[in-house]
Amino acid sequence: DAGVIQSPRHEVTEMGQEVTLRCKPISGHNSLFWYRQTMMRGLELLIYFNNNVPIDDSGMPEDRFSAKMPNASFSTLKIQPSEPRDSAVYFCASSFHRDQETQYFGPGTRLLVL
Amino acid sequence: LAKTTQPISMDSYEGQEVNITCSHNNIATNDYITWYQQFPSQGPRFIIQGYKTKVTNEVASLFIPADRKSSTLSLPRVSLSDTAVYYCLVSGNTPLVFGKGTRLSVIA
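Chain order of the listed sequences is A and S. Under our numbering, think of the first position of the first sequence as 1, with each following residue one higher. Under our numbering, think of the first position of the second sequence as 1001, with each following residue one higher.
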């Protein structure tokens, strides 16, 4: 298996633009997690899905952020409109639902909003 | 969710054994203790998990006392490539809460 795949790996955009981050979890995993990492706040859980259903989105900063998981092999995290304070590394991770302590992380998307 | 406390940073010379201790006084009966490692510019990587006593794998050992209020990650004979941030997490099949971790710097 190729592991968790994220795209793009790097994104530079201007304030106000829409940003879409993509994630393909490991085949067979039925839990998917989106995290954001910054120097100031560390690694924060934004939202997670079990069997494609959003379970907890309390970590999503505000309404500008949205996440979807239309099927078991694809998820998106969208920011609209983007702001400079959204600059961070965004990680996607997947796991089996019965073993959420063992998560496999993707390489991350480094987002810079100018 | 149980809160964990671990040192912010540690330094070690190559070849030494490194022990990173994490306290989790409010751990629940069904909680497991899990450690992750994060290299610069990479996502965190699962390295070891335990419930009680001792667990060992090819990467590290995890020591958990009987009261489970703390745990110690032991890295034998570290090398420069072990320089990373190490996270201690406690959960019972619930989403992980990552703290700031322990930044380990291995010096030649």
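Beta carbons: idealized from backbone N, C-alpha and C, even for Gly.
Run down chain S in chain order and give the residues with a C-beta less than 8 Å from the C-beta of A/D56.
What A/D56 touches in chain S: P1095.
For A/P84, name the three-state secondary structure that DSSP assigns.
helix
Against chain S, with Cβ distances strictly below 8 Å, would A/P84 count as a contact?
Among the CB atoms of chain S, none fall inside 8 Å of the CB of A/P84.
Shortest alpha-carbon distance to S/V1055 belongs to which of S/S1009, S/W1035 and S/H1024?
S/W1035
Bounding residues of the beta strand (DSSP E) (the contiguous stretch that carries S/A1060)
Boundaries for S/A1060: no beta strand (DSSP E) harbours it, and the DSSP string shows neither H nor E there.
How far does the beta strand (DSSP E) with A/I79 in it extend, from its first residue to its last?
Start and end: F74 to I79.
Skipping 5 residues on each side, what residues in its chain have a beta carbon closer than 7 Å to that of S/F1039?
Once the five neighbours on either side are set aside, the close Cβ partners of S/F1039 are A1084.
Kindly give me the distance between the Cβ atoms of A/W34 and A/L46, rounded to whole angstroms, as I take these residues to be in contact under 8 Å.
Indeed they touch by this definition, with Cβ atoms about 4 Å apart.
Quick check on this structure: which residue in A/R36, A/M40 and A/T76 has the alpha carbon closest to the alpha carbon of A/G59?
Looking from the CA of A/G59, the closest CA among A/R36, A/M40 and A/T76 belongs to A/R36.
Express the C-alpha separation of A/K24 and S/F1046 in angstroms, rounding to a whole number.
Here the alpha carbon of S/F1046 sits roughly 19 Å from the alpha carbon of A/K24.
Using a Cβ cut-off of 9 Å, which residues of the stretch 96-113 of chain A contact any Cβ in chain S, in chain order?
Hits within the stretch, in order: H97, R98, D99, Q100, E101, T102, Q103, Y104, F105, G106, P107, G108 and R110.
Out of curiosity, what's the CA-to-CA distance linking S/L1062 and A/G3?
Rounded to the nearest angstrom, the two C-alpha atoms are 26 Å apart.
Return the residues of the stretch 1044-1058 of chain S that lie within a Cβ-Cβ distance of less than 9 Å from chain A, sorted by chain order.
Here the close residues are P1044, R1045, F1046 and Q1049.
Given a cut-off of 8 Å, decide if S/S1012 and S/V955 are closer than it, judged by their beta-carbon atoms.
The structure shown does not extend to residue 955 of chain S, since chain S is modelled only from 1001 through 1108, so no value can be given for it.
Use the C-beta contact count for S/I1048: other C-beta atoms within 10 angstroms, 16 or more gives buried, fewer gives exposed.
buried
Continuous beta strand (DSSP E) stretch holding S/V1085: start and end:
A1084 to S1091
Excluding the 5 residues preceding and the 5 following S/T1113 in the sequence, name in chain order all residues of the same chain whose CB lies nearer than 6 Å to its CB.
Here chain S covers residues 1001 to 1108 and nothing more, so residue 1113 of chain S does not appear.
Under 8 Å, Cβ to Cβ, is there at least one residue of chain A near S/Q1037?
Chain A, which has no Cβ nearer than 8 Å to the Cβ of S/Q1037, makes this no.
S/G1015 versus S/A1060 - alpha carbon distance
14 Å
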